[in-house]
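Residue numbers (full-length UniProt numbering): 1 to 276. Here a beta-carbon is modelled for each residue, glycine too, at the ideal position from N, C-alpha and C.
Spelled out as structure tokens, the structure:
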């Protein structure tokens, strides 16, 4: 498996184990800045951190390779200007408070300005949870099978699955940070991921339908950027070039079991090119 390239990851079963970890180590570690001292090993291990980032990238790659399916077995349409994630240590530190002590219930309100996905792993007869971040993110991604494929947030669609999937496939979101806590040797665990943008509102596009990038000049939403032609995702080339802006969004809170998707007043870290 070590010789398989990035785009073939999408054909591997959800539990890709050491293969995903090795892949992410080589492909993603440069996105977790060594200069950012807020990323530490107090709660989230480096392995869980890299698995979280890699699993998010896999979700977007699956979309671009037409391997995210809906409740009828049809593929979601591919996206133009869809970017790979950048890991944000500040967001990880925000997520830390939601997994303290391996808590099993999500917070009643989201972190201000961000969307949140949460998954609790309860005690299960002493069985251990290996790679909980990978399991949680794969589960969020696979919620696509519960609804009809669409690139829009429809006011009539209120399933939590619709919200969860959109945190990972919202083209406006570039940054994510996750906190993973395992307790009792892994017999219970919790995972929280904080996203740069708030959850989509009714009528918002999850992404623009179109052909994935095949050349650098096709990556125009955030610049400067280049195209990873293998993964069919755009990659922001110079993180420091992004300016700050603020926007607002209505709060959307939906809870099912141990999973949460919420948003509130948005404070963002990046400006997309709007063409205006």
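As assigned by DSSP and simplified to three states, the class of residue i
i	result
residue 235	strand
residue 175	strand
residue 87	strand
residue 228	strand
residue 146	helix
residue 125	coil
residue 102	helix
residue 206	coil
residue 221	coil
residue 115	strand
residue 67	coil
residue 214	coil
residue 93	helix
residue 107	coil
residue 198	coil
residue 267	Unreliable positioning characterises residue 267 in this predicted model, as indicated by a pLDDT of 31, which lies under 50. The coordinate reading is nonetheless provided below. Reduced to three states, the DSSP call for residue 267 is strand.
Segment limits, alpha helix (DSSP H) that includes residue i
i	result
residue 54	46-64
residue 133	132-141
Distance between residue j and residue i (C-alpha atoms, nearest Å)
i	j	result
residue 80	residue 203	19 angstroms
residue 72	residue 121	29 angstroms
residue 267	residue 196	With a pLDDT of 31 at residue 267, under the threshold of 50, the predicted position of this residue should be treated as unreliable, though the coordinate-derived value follows. Whole-angstrom Cα-Cα distance: 8 angstroms.
residue 39	residue 103	21 angstroms
residue 209	residue 190	34 angstroms
residue 235	residue 220	11 angstroms
residue 60	residue 77	12 angstroms
residue 138	residue 217	31 angstroms
residue 97	residue 143	25 angstroms
residue 66	residue 92	30 angstroms
residue 250	residue 146	At residue 250 the pLDDT is 31, less than 50, meaning the model places this residue with poor confidence and gives no usable figure here.
residue 126	residue 57	31 angstroms
residue 75	residue 141	13 angstroms
residue 44	residue 173	22 angstroms
residue 89	residue 131	19 angstroms
residue 282	residue 101	Coverage of the chain is limited to positions 1 through 276, which leaves residue 282 absent and any answer about it impossible.
residue 46	residue 55	14 angstroms
residue 49	residue 99	14 angstroms
residue 68	residue 150	11 angstroms
residue 194	residue 111	8 angstroms
residue 107	residue 179	14 angstroms
residue 223	residue 62	23 angstroms
residue 225	residue 136	29 angstroms
residue 184	residue 170	35 angstroms
residue 229	residue 87	21 angstroms
Cβ distance (whole Å) where residue i is taken to contact residue j below 8 angstroms
i	j	result
residue 175	residue 206	Residue 175 to residue 206, Cβ: 17 angstroms. No contact.
residue 52	residue 133	4 angstroms
residue 85	residue 192	The Cβ separation is near 16 angstroms, so there is no contact.
residue 129	residue 182	7 angstroms
residue 212	residue 113	At roughly 29 angstroms, the Cβ-Cβ gap does not stay under 8 angstroms, so residue 212 and residue 113 are not in contact.
residue 232	residue 64	4 angstroms
residue 95	residue 177	6 angstroms
residue 153	residue 82	Their Cβ separation, rounded to whole angstroms, is 16 angstroms, which puts residue 153 and residue 82 out of contact at 8 angstroms.
residue 70	residue 148	5 angstroms
Residue i: first and last residue of the uninterrupted beta strand (DSSP E) it sits in
i	result
residue 41	Neither: residue 41 is in no beta strand (DSSP E) and is coded neither H nor E.
residue 189	188-195
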